[in-house]
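In case it helps, our numbering puts the sequence shown at residues 162 to 364. Below is one structure, written out as structure tokens; comments come after it.
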Amino acid sequence: MGDDKWNGTRNINIIKWELGSDFQSVIDSFNCCTNEFAKNHIFKRLKWLGNKYYSHLITLLYLAVWHGYHLGYFMLFAFEFMCMVAQEQLYTFIAFGPPQFRHLINLWWAKPFCWLFGRLNICVSMAFAFLTFGLVKKEIWITPLKSMYFYGYIIYFIVWPTLFTFVLRPLIKKPKILKDEQNGVLIKNSPVATQINEEKKEI
């Protein structure tokens, strides 16, 4: 008969929300019903674009319009997109970058520091991002953003892309199949292409 589930209308996962250490954990644990709807009915249906970044960006654009027409909503979701891109690039560097770095962060004593870094990162980044969401109108949120020198936008829109492009990316050595699939060019009969085709059939 299976196990009964009692979380059909749960909209927050408190444990993951309090203990998560990356941006994906925030998405998975907060406003769960809306995020699940966006993932299943918008993001997955855009796989025909062949590029998950395009799918993600359009999904966030829909959510911004759904919230309202104020600029603050669009600023928040644009910031979220750049945070997710930066996170994926960091994980790619960890997975396919210098093995010495990967070995270092996998040491038992380094794991608490990695968790703490991730936790502080999402707390600081979200505190900055949600200013435009909570204050909504530009006339209200522009002053506090100026007082913080727009540090969030500088980090995620300028500093990190520059660092990744010119310093970290040259150190990444990925199999050709992964490079092609990340760029949206799916190799015929590859594992990722097969998986996407199966998901399209399910949709």
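By construction, the Cβ of each residue, glycine as well, lies at the ideal position given by its N, Cα and C atoms. Quick caveat, the model's predicted, so the values are computed rather than measured.
Please work out which residues of its chain come closer than 8 Å, Cβ to Cβ, to residue i, disregarding the five sequence neighbours upstream and downstream, and give them in chain order.
i    : result
C193 : R171, N172, I173 and N174
Y314 : F240
How far does the alpha helix (DSSP H) with residue i in it extend, from its first residue to its last?
i    : result
P273 : K272 to L296
T253 : L232 to F257
L222 : K213 to H228
R263 : P260 to I266
T170 : T170 -> no alpha helix (DSSP H), and no H or E assigned at all.
L301 : This sequence places Ile at residue 301; Leu is not what is there. K299 to S308 is the span of the alpha helix (DSSP H), which, as asked, contains I301.
F187 : The sequence given here has Val at residue 187, not Phe. Run containing V187: F184 to S190, per the alpha helix (DSSP H) assignment.
L324 : W321 to L324
Please name the residue in the options whose C-alpha comes closest to that of residue i.
i    : options                   : result
K335 : C284, F257 and V320       : F257
W227 : T195, R206, Y215 and N201 : T195
I203 : N282, I188, Y223 and G279 : Y223
F235 : F291, M309, Y317 and L210 : F291
E197 : K208, Y215, G169 and Y214 : G169
Do residue j and residue i come within 8 Å of each other at the CB atom, strictly closer than that value?
i    : j    : result
L221 : E249 : no
K298 : H231 : yes
F184 : L237 : no
Might you give, ordered along the chain, the residues of its own chain that have their beta carbon closer than 7 Å to the beta carbon of residue i, omitting 5 neighbours on each side?
i    : result
S190 : I173, N174, K177, W178 and G181
S286 : C244 and G313
T326 : none
W253 : According to the sequence provided, residue 253 is Thr. The question's Trp does not apply to it. Closer than 7 Å at the Cβ level, and outside the excluded window around T253, lie I333.
Buried or exposed for residue i, please, with buried defined as at least 16 other CB atoms from any protein chain shown within 10 angstroms of its CB.
i    : result
V320 : exposed
V328 : exposed
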